[in-house]
Every structure is written in structure tokens, then in C-alpha cells.
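Novice: My questions will all concern the structure given below.
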């Protein structure tokens, strides 16, 4: 009987209904991508699940179940707006930031080129630095009280941040979605059993790449040498081409 209901409902679908469902799917999918890794992600998944249940109940003409879900969903949306207004504001800000990044005129240099040029300049000046490039897992969830920057990746800005004596020079920078997200980040060092003669910056880079899937570029203050940490392993002695090849390999 349920199968007959489904067949009957599908047979009544028109092209506009299919387009409507497809657009809703794309909208929810894009919103989930935007908030993936944030506190709102699980809440959104749960809300979407309830919405799917309500749609299926309506499709199968389950009157009582559909009535309960529809009313529950209405009150739930109001509760979410009231209780999670800070998270919603953060998501909307992130949407605006990404749209601004996508359509802003950033010149001919790509974010990868800006990062490489910054690292080479820091290396030549022997200025210590950690530049962390976020991928799927949110790095800011693993740091305490970072300073929010939210600016396009830019060599001059990065050099200013790491200039000795500046308020933000100590710690790492986190780059996310081609934007400098936060600065003055301090990462947890790896366990004592895994410690090596490496400096604190290198150990911090190893530690954060053990906890997340990010890429961490380290410039040694003592020698100016460039290293890259990924998956808890450190690749030392990179030059411009070596660094570029690694970033291309990891699709940065």
C-alpha cells in the first residue's frame, strides 16, 4: 500500500515540482557546506532530517504524524532563532565574507602566490613564523582566544603580522577559504614521547597537523629555513619551487 502511495504521488509530479525540490536540495546542501565544522552543523542536520520526515509524511498522507511534525518544526525554527542568534549571525557573516572573497578584485596574484612570496621574504629576513592553511577540519576549534583578522590573503599584511615587536607576531596565522581568518594562535604540542630536537614552532606545526588535516608552513627564526608539516610529519629544507610543488600537490 505504501508503495502504491509513492507511485501515485510521483506520477502526479510536474516539471516545476522537480525543479522546486532540486533548488531546495541545492540550497540546503550549500548551507550545510558553509556551516560544516561549526557548532551549528549538527543542529542543521537534525533540522533537515525533521524536514525530510515531514515531507515524507505529507507525501504518504500520514495526517496525524504530518500535523505533529509541521507544528513541531514551526516552533523549533522560532526556538533556534532565539537561542542560536549568535551562531546564525556568524553563519551569515561567513556567507557575506565568502561572497566578498569570490567577487573581489584581488589582482593577478593568487592566494598561493601571496603565501609563497610571504614565506620567502620571511625566510630571507630570518623571521620566525607559522602559516596554517585550513582544509576540511576547522583549525580555530583547536586554539584558545585567537585574534580575528578576516582579511584577504595578502603578502604585506602577513609580513606586518609577523614583524617582530608587533602585537600579533607571536603565534600562528590561520588561513581559511583564501582569507586570513585569525592570528596569534597557539597550538598544542605533540606528546612528550614524540618530541625531537625541533624548535617550538616546528613542534606546534606537527601537533596541529596531527589533530587536523591542515597544512602548516614553518619559517625558522634561527636559520630562516622553510619546513612544511602535514599529517604530523615535517618536510624540511624547502625552497620556492619545493614549497610551491607541495602546495599544488595538496591542492592549496
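Residue numbers (this note's numbering): 1031 to 1282. Backbone N, C-alpha and C define an ideal beta-carbon position, used for all residues, glycine too.
Quick one: measure Cβ to Cβ for residue 989 and residue 1161, integer angstroms, because I've assumed they're closer than 8 Å.
Specialist: Outside the displayed range of the chain (1031 to 1282) lies residue 989, so it cannot be described from this structure.
Novice: Taking buried to mean at least 16 other C-beta atoms within 10 Å of its own C-beta, is residue 1054 buried or exposed?
Specialist: Sequence index remark: in the chain shown, residue 1054 carries index 24 (1-based). Under this definition residue 1054 is an exposed residue.
Novice: Ignore the nearest five residues each way along the sequence and tell me which others in residue 1277's own chain have a CB closer than 6 Å to its CB.
Specialist: As a working mapping, residue 1277 is identified with position 247 in the chain shown. 1142, listed in sequence order.
Novice: In whole angstroms, give me the CA-to-CA distance for residue 1092 and residue 1166.
Specialist: Position 62 of the chain shown, counted from the first residue, corresponds to residue 1092. Position 136 of the chain shown, counted from the first residue, corresponds to residue 1166. Residue 1092 and residue 1166: Cα-Cα distance of roughly 39 Å.
Novice: For residue 1201, collect the residues of the same chain with a Cβ closer than 6 Å to its Cβ; drop the 5 residues on either side in sequence, then sort them by chain order.
Specialist: Here residue 1201 corresponds to residue number 171 of the chain shown, with the count starting at 1. Closer than 6 Å at the Cβ level, and outside the excluded window around residue 1201, lie 1214, 1215, 1216.
Novice: Cβ atoms of residue 1239 and residue 1261: under 9 Å apart, would you say?
Specialist: Working through the chain shown from its first residue, we reach residue 1261 at position 231. Working through the chain shown from its first residue, we reach residue 1239 at position 209. Yes. Within cutoff.
Novice: DSSP three-state call for residue 1282: helix, strand or coil?
Specialist: As a working note, residue 1282 is residue 252 in the chain shown. In the structure shown, residue 1282 sits in coil (DSSP, three-state: anything other than H, G, I, E or B).
Novice: Let me confirm a value: residue 1256 is counted as buried when at least 16 other C-beta atoms fall within 10 Å, else exposed. Which label applies?
Specialist: Residue mapping note: residue 1256 aligns to position 226 of the chain shown, counting from 1. Buried is the call here.
Novice: Would you list the residues sitting across from residue 1191 in a DSSP beta bridge?
Specialist: Within the chain shown, residue 1191 is the residue found at index 161, counting from 1. BP columns for residue 1191 are empty, so no partner.
Novice: What are the partner residues of residue 1181, as DSSP defines its beta bridges?
Specialist: Residue 1181 sits at position 151 when you count from the first residue of the chain shown. Residue 1181 pairs with 1210.
Novice: For a cutoff of 9 Å on Cβ pairs, would you count residue 1149 as touching chain B?
Specialist: Among the chains in the structure shown there is no chain B, since it carries only a single protein chain.
Novice: Three-state secondary structure (DSSP) at residue 1161?
Specialist: Position 131 of the chain shown holds residue 1161. Strand, per DSSP.
Novice: Rounded to the nearest angstrom, what separates residue 1168 and residue 1272 at their Cα positions?
Specialist: Sequence index remark: in the chain shown, residue 1168 carries index 138 (1-based). Sequence index remark: in the chain shown, residue 1272 carries index 242 (1-based). Approximately 26 Å between the Cα atoms of the pair.
Novice: Whose CA, out of 1186, 1174, 1198, 1204, lies closest to the CA of residue 1180?
Specialist: On the chain shown, residue 1180 is found 150 positions in, with the first residue counted as 1. Residue 1180 has its Cα closest to that of 1204, out of 1186, 1174, 1198, 1204.
Novice: Less than 9 Å separating the beta-carbons of residue 1265 and residue 1163?
Specialist: As a position in the chain shown, residue 1265 is number 235, starting the count at 1. As a position in the chain shown, residue 1163 is number 133, starting the count at 1. Contact: no.
Novice: DSSP three-state label for residue 1219, please.
Specialist: What you label residue 1219 is simply residue 189 of the chain shown in a count that begins at 1. It is coil, neither helix nor strand.
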